[in-house]
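Counting with this note's numbering, you get residues 27 to 322 for the letters of the sequence shown.
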Amino acid sequence: MIDADTDRNKQSIKSTFKIRLRKCSSSRHGGRTRIRRERLFTMLDHLPTRLLIVLILGLLGNGCNLNSQYNNSEGVKLYQQGNYQGAVDKFQQALAGEPGSPDCFYNLGATYHQQAKLFSRPSDLQLAEQYYHLCLDRNPDHHACQRALAVLLVEEKRGPEAVGVLDSWAKRQPNDPNPHIELARLSEEIGDLRGAENHLIDGISIDPNNTRALVALGRLREMTGEPQQALANYQRALGIEANQPAVSARVAALSTSSTVSDSRMASLPTPIATQPANNGDGSGLAQAPAAAVPSQ
27 MIDADTDRNK
37 QSIKSTFKIR
47 LRKCSSSRHG
57 GRTRIRRERL
67 FTMLDHLPTR
77 LLIVLILGLL
87 GNGCNLNSQY
97 NNSEGVKLYQ
107 QGNYQGAVDK
117 FQQALAGEPG
127 SPDCFYNLGA
137 TYHQQAKLFS
147 RPSDLQLAEQ
157 YYHLCLDRNP
167 DHHACQRALA
177 VLLVEEKRGP
187 EAVGVLDSWA
197 KRQPNDPNPH
207 IELARLSEEI
217 GDLRGAENHL
227 IDGISIDPNN
237 TRALVALGRL
247 REMTGEPQQA
257 LANYQRALGI
267 EANQPAVSAR
277 VAALSTSSTV
287 SDSRMASLPT
297 PIATQPANNG
307 DGSGLAQAPA
317 AAVPSQ
């Protein structure tokens with residue numbers, strides 16, 4: 027048992043912590059990390075022994091999580107640079123430091139998926155799907171992975187499987203709008219715009235302030251020739267999150283278009299009725315048809 031009142035035990039604990047920290051933060055991290063590490067060592071001299079024990083236990087429990095995060099971050103950089111094999115190596119190292127990590131599995135899947143697209147290698151596509159499933163086995167609600175797997179299945183002409191994956195997600199998480207947003211995306215890709223609209227409306231009914239769903243619904247309504255409803259969706263999204271330059275641009279464009287249209291209508295001469303309409307109600311006024319109610 028450790029005696030917290032002896033300097034000798036404190037020095038031993040401090041040495042243990044330093045050794046462990048050096049192992050978990052290799053010299054490949056660069057000079058800045060080494061400087062920060064040395065500063066941390068200096069701070070250790072002034073910490074109570076009990077706090078040192080807590081730090082050691084935390085570092086041991088993390089399983090060199092710092093190193094895993096570093097490798098994962100480096101893998102992302104290599105992926106963005108187009109060095110996919112280098113990215114795979116880094117993600118594998120990150121996975122070794124954090125076994126079973128859903129994010130590591132997803133990153134590996136995404137990298138092999140990208141390689142399969144670029145180089146048309148079926149083996150890469152198989153690996154991508156395997157890694158996506160490993161990710162979802164450990165975190166069934168991993169948003170990016172759910173979406174990526176659905177995309178892969180559609181690319182493989184396995185649309186019904188993609189719908190099944192997203193439907194299962196929606197049923198498992200009835201209070202999450204994201205499955206409905208992804209189902210809308212899938213419906214749009216296969217040309218079912220009405221189905222896409224319904225999925226987005228379902229998502230908004232779950233989370234009325236979801237800007238992704240509102241913006242997607244606005245874009246969809248632009249595509250289907252409903253500019254006023256699109257404008258309302260965009261304006262609502264901006265009211266929730268103002269910093270959306272692309273959405274602001276669409277609002278400006280639609281507002282200008284609406285103003286021009288209104289001014290053209292105002293410049294038309296007022297029609298003169300030459301014959302009173304016989305509506306059977308004695309009013310002599312033409313009755314406008316009832317406004318169509320968009321299907322929900």
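Idealized CB from N, CA, C, for every residue including glycine. The model shown is predicted, which means the values in this text are computed figures rather than measured ones.
**Report entry** Between the CA atoms of residue 208 and residue 265 - distance to the nearest angstrom
**Finding:** In a straight line, the C-alpha of residue 265 is about 23 angstroms away from that of residue 208.
Query raised in the report: When the Cα atoms are used, what is the spatial distance from residue 224 to residue 246?
Result: Per the coordinates, the alpha-carbon of residue 224 lies some 11 angstroms from the alpha-carbon of residue 246.
Report task. Would you check if the segment 156 to 168 and the segment 115 to 132 touch, i.e. whether three or more CB-CB distances between them fall below 8 angstroms? Result -> Cβ pair count under 8 angstroms is three or more, so yes.
Query raised in the report: What's the gap between the Cα of residue 188 and the Cα of residue 176?
Result: So the alpha carbons of these two residues sit roughly 5 angstroms apart.
**Report entry** C-beta contact flag for residue 210 and residue 202 at 9 angstroms
**Finding:** Against a cut-off of 9 angstroms, the Cβ pair of residue 202 and residue 210 comes out as no contact.
Requested in this report: Return the chain-ordered list of same chain residues with a C-beta closer than 7 angstroms to the C-beta of residue 117, the five sequence neighbours on each side being excluded.
Outcome: Only 98, 101, 130, 133, 134, 137 meet the Cβ criterion.
**Report entry** Under the three-state DSSP convention, the category residue 199 falls into
**Finding:** Coil, per DSSP.
Report task. With a 10 Å radius around its C-beta and 16 neighbouring C-beta atoms as the bar for buried, classify residue 150 as buried or exposed. Result -> In summary, residue 150 is buried, with 16 or more beta-carbon neighbours lying within 10 Å of its beta-carbon over all protein chains present.
Query raised in the report: By how many angstroms is the C-alpha of residue 140 removed from the C-alpha of residue 107?
Result: Note on geometry: alpha-carbon atoms of residue 107 and residue 140 lie some 13 angstroms from one another.
**Report entry** Minimum C-alpha distance to residue 215 - residue among 259, 179, 279
**Finding:** Out of 259, 179, 279, 179 has the C-alpha closest to the C-alpha of residue 215.
Requested in this report: Give every residue of the same chain whose Cβ lies closer than 6 angstroms to the Cβ of residue 120, excluding the five residues on either side of it in the sequence, and list them in chain order.
Outcome: So the qualifying residues of the chain are 94, 97, 98, 130.
Query raised in the report: residue 253 and residue 226: beta carbons closer than 9 angstroms?
Result: Contact flag unset, no.
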